[in-house]
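As you go down the protein sequences, you meet chains A and B in turn. Residues 1 to 361 in our numbering are what the first sequence lists, from first letter to last. Residues 1001 to 1161 in our numbering are what the second sequence lists, from first letter to last.
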Amino acid sequence: MSPLRNVRDWLDERLAWDDLIAPLRKKTVPLHRLSYWYFLGGITLFLFVIQVLTGILLLLDYRPGANEAFESVQYIMTQVQFGWLIRSIHSWSANLMIFTAFAHMFSVLFLKAYRKPRELTWVSGMVLLFLVMGFGFSGYLLPWNTLAFFATKVGTEIAGQVPIIGKAMVIFLRGGEEVTGATLTRFFGFHVAVLPGLATLLILVHVLLVQRLGMSMPPKLEAEWSADLSAKREMKFFPNFVLRELMAWYVALGALGALAAIFPWNLGVKADPFAPAPAGIKPEWYFLFMFQTLKLIPPKVWFIDGEVLGVLAFGLVGLLWLLLPFFESDQPSHTKRWITGLAVFALAYVTGMSVYGHLAK
Amino acid sequence: MESKNRGTAHPSGQPPALIPRRRFVEVLLGSGFLATAVAFVYPVLRYLVPPQTADLGGDSVVAGKVGELKPNSGKIFRFGSRPGLLIRTVGGEYRAMSATCTHLSCTVQYRDDLREVWCACHNGKYNLDGRNISGPPPRPLEAFDVQVRGEEIFVRRRREA
Chain A
1 MSPLRNVRDW LDERLAWDDL IAPLRKKTVP LHRLSYWYFL GGITLFLFVI QVLTGILLLL
61 DYRPGANEAF ESVQYIMTQV QFGWLIRSIH SWSANLMIFT AFAHMFSVLF LKAYRKPREL
121 TWVSGMVLLF LVMGFGFSGY LLPWNTLAFF ATKVGTEIAG QVPIIGKAMV IFLRGGEEVT
181 GATLTRFFGF HVAVLPGLAT LLILVHVLLV QRLGMSMPPK LEAEWSADLS AKREMKFFPN
241 FVLRELMAWY VALGALGALA AIFPWNLGVK ADPFAPAPAG IKPEWYFLFM FQTLKLIPPK
301 VWFIDGEVLG VLAFGLVGLL WLLLPFFESD QPSHTKRWIT GLAVFALAYV TGMSVYGHLA
361 K
Chain B
1001 MESKNRGTAH PSGQPPALIP RRRFVEVLLG SGFLATAVAF VYPVLRYLVP PQTADLGGDS
1061 VVAGKVGELK PNSGKIFRFG SRPGLLIRTV GGEYRAMSAT CTHLSCTVQY RDDLREVWCA
1121 CHNGKYNLDG RNISGPPPRP LEAFDVQVRG EEIFVRRRRE A
């Protein structure tokens, strides 16, 4: 017997290990022309792990504080060996993770995987998507450069447009009336403690739900399969699908490494709270569609401030999006057309506005 | 309901207590836990609200020196914890106003090509009196009074009349 086998048996004798992974062995993944979309959630998870690992490395040298943050990131990028690479990977992986999370969300929407019994999987996933955007927003400020400073100023000010609780929310987020070093320490706390804790917990719930409920079949394909049983094809989750997923992670890692090395992330100019906002200032690409929308709303619509209207509208859309599965029919044969229509519209809107925002002066 | 039944079915035949013992313990424990929770949560909530910091700016500040600004230019100065904008017009006159855009509080700047005040974040524009003239800003910038005393340019918040 090999030593590995010995360790395995030793553990199995004590923990009944085989019972624990038995459900994974029984689980199957449907094989069809859209199976590739099943990889996206896993890739997002993989990028999250990369974020945790590179984040821990950055923590070793980063110092929060208005007088130190920029210098410490500069130190990481210029003095620490491979510091530039670690930070570049952290930034690139963050952006890729947000992209894959969005792609995952839309694929689930188009494959109609959010339907009963997977409503809670969708809700936990949407909350995770909001958390991921929170990660992006809070992490963006940490290098304390000019772009980040104004992005935070505008972003928190937008939160302040919410009626009644807006003002209190801004003060809570900024740690005072203005964006200062106090904001930086708060965002640091959110970014490295609060959000990772919440996200880890939710990821656990999300993945457990996915394992518990199995892979969803698009209703159309499911109907085809039940009409012609011989068309049905499946793959074992373990080890077949897991190995394929690992290959996808390997490719993602390659893409990430290449991007981080060939296009290292910039640091920019240190934030000066008493300098005018630089020309051409824009938020990160994943906030661009909202930024551009807010830009297009006139200052006053009827009697409401344009900003307030925009913020309320986005809040409402976000809430409806979170609850989308509850508007869907329980019957796979009667899925609601308007939800697909809405998904197409949302994808077109987000893409169109992002491109417009990118090109607009 | 449950306590009543238990009371009547008491084996010793004694009359049931006014407040059954179990209920009493439950209320005692429950209120104890509640008080503990409040004692923990309240300080945490208060901790999360940042302390008030004094705005050390006062009502008047030296925004710059005479000769520092050429005609048709502007500079940002500190007014307490917030930025202000001092402009010297083409005619050589000084104007001062808050530099915090009334839209989403970016810091505005003087554009010598437009001879207007401009916010880079969302393309808001103000005239030299601080009035919002185009783009998303909903209100004018707060205008300040400017006084030149000797070599120094003083900027003063306008008193509410």
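The beta carbon of each residue, even a glycine, is placed where N, CA and C say it ideally should be.
**Asked** On the three-pair Cβ rule with 8 Å, is the segment 35 to 48 of chain A touching the segment 201 to 217 of chain A?
**Response** Yes, they touch.
**Request:** Please list the residues of the segment 1028 to 1057 of chain B that have a C-beta atom closer than 9 Å to any C-beta atom in chain A, keeping them in chain order.
**Result:** Close to chain A, meaning a Cβ-Cβ distance shorter than 9 Å, are the following residues of the segment 1028 to 1057 of chain B: Leu1048, Val1049, Pro1050, Pro1051, Gln1052, Thr1053, Asp1055.
**Request:** Measure the Cβ-Cβ separation of Asp1145(B) and Arg1131(B) and say whether it is below 7 Å.
**Result:** The sequence position of residue 1145(B) within the second sequence is 145, counting from 1. The sequence position of residue 1131(B) within the second sequence is 131, counting from 1. A distance of 7 Å or more separates the beta carbons of Asp1145(B) and Arg1131(B).
**Message:** Give the list of continuous alpha helix (DSSP H) stretches no shorter than 4 residues that lie fully inside the segment 28 to 104 of chain A.
**Reply:** Fully enclosed alpha helix (DSSP H) runs of 4 or longer: 39 to 59, 69 to 78.
**Message:** Check for me: the alpha helix (DSSP H) holding Tyr250(A) runs from which residue to which?
**Reply:** If you number the first sequence from 1, residue 250(A) lands on position 250. Looking at the DSSP string, the run of the alpha helix (DSSP H) that includes Tyr250(A) is 242 to 262.
**Asked** Straight-line CA distance for Gly181(A) to Trp302(A)?
**Response** Here residue 181(A) is taken as the residue at index 181 of the first sequence, counted from 1. Here residue 302(A) is taken as the residue at index 302 of the first sequence, counted from 1. Using only the alpha carbons, I get a separation of about 38 Å.
**Item:** Close beta carbons around Ala69(A), own chain, < 7 Å, minus the five adjacent residues each side
**Value:** What you label residue 69(A) is simply residue 69 of the first sequence in a count that begins at 1. These residues qualify, in order along the chain: Arg63, Leu142, Pro143, Trp144, Leu184.
**Asked** Are three or more beta carbon pairs between the segment 102 to 116 of chain A and the segment 336 to 345 of chain A nearer than 8 Å?
**Response** By the Cβ rule, the segment 102 to 116 of chain A counts as touching the segment 336 to 345 of chain A, because three or more pairs are nearer than 8 Å.
**Prompt:** Roughly how many angstroms separate the alpha carbons of Ile1087(B) and Pro264(A), rounded to a whole number?
**Reply:** By 1-based counting over the second sequence, the position of residue 1087(B) is 87. By 1-based counting over the first sequence, the position of residue 264(A) is 264. Distance from the CA of Ile1087(B) to the CA of Pro264(A), rounded to the nearest whole angstrom, comes to 39 Å.
**Request:** Please list the residues of the segment 305 to 333 of chain A that have a C-beta atom closer than 9 Å to any C-beta atom in chain B, keeping them in chain order.
**Result:** Answer set for the segment 305 to 333 of chain A: Asp305, Gly306, Glu307.
**Asked** Between Leu57(A), Ala103(A), Phe99(A), which lies nearest to Phe82(A) when the distance is taken from Cα to Cα?
**Response** The residue given as residue 82(A) occupies position 82 in the first sequence. For Phe82(A), the nearest C-alpha among the options comes from Leu57(A).
**Where Arg1115(B) meets chain A, residues with beta-carbon distance less than 9 Å** = By one-based count along the second sequence, residue 1115(B) stands at place 115. Against chain A, the beta carbon of Arg1115(B) has no neighbour under 9 Å; the closest one sits roughly 16 Å away.
**Request:** Anything in chain A within Cβ reach of Val1061(B), meaning under 7 Å, just list it in chain order.
**Result:** The residue labelled residue 1061(B) in the question sits at position 61 within the second sequence. Simply none; closest approach about 12 Å.
**Message:** Judging by CA-CA distance, which residue of Gly55(A), Asp61(A), Met97(A) is the nearest neighbour of Trp249(A)?
**Reply:** Reading the first sequence from its first residue, position 249 is the one you call residue 249(A). Nearest C-alpha to Trp249(A): Met97(A).
**Beta bridge counterpart(s) of Gly1064(B) as assigned by DSSP** = On the second sequence, position 64 is the one that residue 1064(B) refers to. According to DSSP, which records beta bridges pairwise, Gly1064(B) is partnered with Ile1153(B).
**Within chain A, partners of Ala1120(B) - CB distance below 9 Å** = One-based indexing of the second sequence puts residue 1120(B) at position 120. Within chain A, the residues near Ala1120(B) are Phe150, Pro276, Ala277, Pro278, Ala279, Gly280, Ile281.
**Whole-angstrom distance between Ser1073(B) and Arg963(B), CA atom to CA atom** = The displayed coordinates of chain B run from 1001 to 1161. Any statement about residue 963(B) would go beyond what the structure contains.
**Asked** Quick one, are the C-beta atoms of Pro299(A) and Gly306(A) less than 7 Å apart?
**Response** As a first step, residue 299(A) is located in the first sequence; it is residue number 299 there, counting from the start. As a first step, residue 306(A) is located in the first sequence; it is residue number 306 there, counting from the start. If you check the CB distance, Pro299(A) and Gly306(A) come in under 7 Å.
**Message:** Please list, in chain order, the residues of the segment 178 to 211 of chain A that have any C-beta partner in chain B closer than 7 Å.
**Reply:** Here the close residues are Glu178, Ala182.
**Message:** I'd like to check one pair, Met105(A) with Leu129(A): are the Cβ atoms closer than 7 Å?
**Reply:** Position 129 of the first sequence, counting from 1, holds the residue named residue 129(A). Position 105 of the first sequence, counting from 1, holds the residue named residue 105(A). Cβ atoms of Leu129(A) and Met105(A): closer than 7 Å.
**Assigned secondary structure, Ser354(A) (DSSP; H/G/I helix, E/B strand, else coil)** = Sequence index remark: in the first sequence, residue 354(A) carries index 354 (1-based). When secondary structure is reduced to three states using DSSP, Ser354(A) falls in the helix class.
**Prompt:** Where do the ends of the alpha helix (DSSP H) carrying Gln211(A) lie?
**Reply:** For this step, residue 211(A) is matched to residue 211 along the first sequence. In this chain, the alpha helix (DSSP H) harbouring Gln211(A) covers 195 to 213.
**Request:** For my contact list, Ala1096(B) and Ala1063(B) are in at a C-beta cut-off of 8 Å; report their separation, rounded to the angstrom.
**Result:** One-based indexing of the second sequence puts residue 1096(B) at position 96. One-based indexing of the second sequence puts residue 1063(B) at position 63. Contact flag correct, Cβ pair sits at about 6 Å.
**Asked** Since Thr1102(B) contacts Pro1138(B) with CB under 8 Å, what's their CB separation in whole angstroms?
**Response** Within the second sequence, residue 1102(B) is the residue found at index 102, counting from 1. Within the second sequence, residue 1138(B) is the residue found at index 138, counting from 1. With a Cβ gap of about 6 Å, Thr1102(B) and Pro1138(B) count as contacting.
**Item:** Residue-chain proximity (Gln1140(B), chain A), Cβ-Cβ < 7 Å
**Value:** As a working mapping, residue 1140(B) is identified with position 140 in the second sequence. Position check: residue 1140(B) holds Pro in this sequence, whereas Gln was assumed. Between Pro1140(B) and chain A, the shortest Cβ-Cβ separation is not below 7 Å.
**Prompt:** Hey, Ala1120(B) and Ala277(A): beta-carbon distance below 7 Å or not?
**Reply:** On the second sequence, residue 1120(B) is found 120 positions in, with the first residue counted as 1. On the first sequence, residue 277(A) is found 277 positions in, with the first residue counted as 1. Yes.
**Asked** At which residue ranges does the segment 1047 to 1122 of chain B contain complete beta strand (DSSP E) runs of 3 or more residues, listed in the order of the chain?
**Response** List check, beta strand (DSSP E) in window: 1060 to 1065, 1073 to 1079, 1082 to 1088, 1094 to 1098, 1109 to 1111, 1116 to 1119.
**Prompt:** Name the chain B residues whose beta carbon is nearer than 9 Å to that of Phe172(A)?
**Reply:** Taking the first sequence and counting its residues from 1, the one referred to as residue 172(A) is at position 172. Correct list: Leu1048, Val1049, Pro1050.
**Asked** Grouping DSSP H, G and I as helix and E and B as strand, with all else coil, what is Tyr1126(B)?
**Response** Within the second sequence, numbered from 1, the residue matching residue 1126(B) stands at position 126. Three-state result, Tyr1126(B): strand.
**Message:** Just checking: is the beta-carbon of Val108(A) within a distance shorter than 7 Å of some beta-carbon in chain B?
**Reply:** Along the first sequence, one-based indexing puts residue 108(A) at 108. Output row for Val108(A): interface = no.
**Asked** Run through DSSP, which three-state label would Glu224(A) get?
**Response** What you label residue 224(A) is simply residue 224 of the first sequence in a count that begins at 1. Here Glu224(A) sits in helix by DSSP.
**Asked** Just the Cα atoms here: how many angstroms apart are Phe314(A) and Leu256(A)?
**Response** Counting from one through the first sequence, the residue named residue 314(A) turns up at place 314. Counting from one through the first sequence, the residue named residue 256(A) turns up at place 256. Using only the alpha carbons, I get a separation of about 31 Å.
**Request:** Please work out which residues of its chain come closer than 8 Å, Cβ to Cβ, to Ser1003(B), disregarding the five sequence neighbours upstream and downstream, and give them in chain order.
**Result:** Taking the second sequence and counting its residues from 1, the one referred to as residue 1003(B) is at position 3. Confidence at Ser1003(B) is low in this model, with a pLDDT of 47, below 50, so the placement of that residue should be treated as unreliable; the coordinate-derived value is given next. Only Pro1016, Pro1020, Arg1022, Arg1023 meet the Cβ criterion.
**Contact set between Ile363(A) and chain B, taken where Cβ atoms lie within less than 8 Å** = No answer is possible for residue 363(A): the residues shown for chain A start at 1 and end at 361.
**Message:** Using the three-state DSSP reduction, which class does Ser1003(B) fall into: helix, strand or coil?
**Reply:** As a working mapping, residue 1003(B) is identified with position 3 in the second sequence. Annotation note: pLDDT 47 at Ser1003(B) (below 50); position unreliable, coordinate value reported separately. In the three-state scheme derived from DSSP, where H, G and I count as helix and E and B as strand, Ser1003(B) is classed as helix.
**Prompt:** Whole-angstrom Cβ separation of Phe149(A) and Ala271(A), contact assumed at under 8 Å?
**Reply:** Mapped onto the first sequence, residue 149(A) falls at position 149. Mapped onto the first sequence, residue 271(A) falls at position 271. The beta-carbon separation of Phe149(A) and Ala271(A), rounded to 4 Å, stays under the 8 Å limit for a contact.
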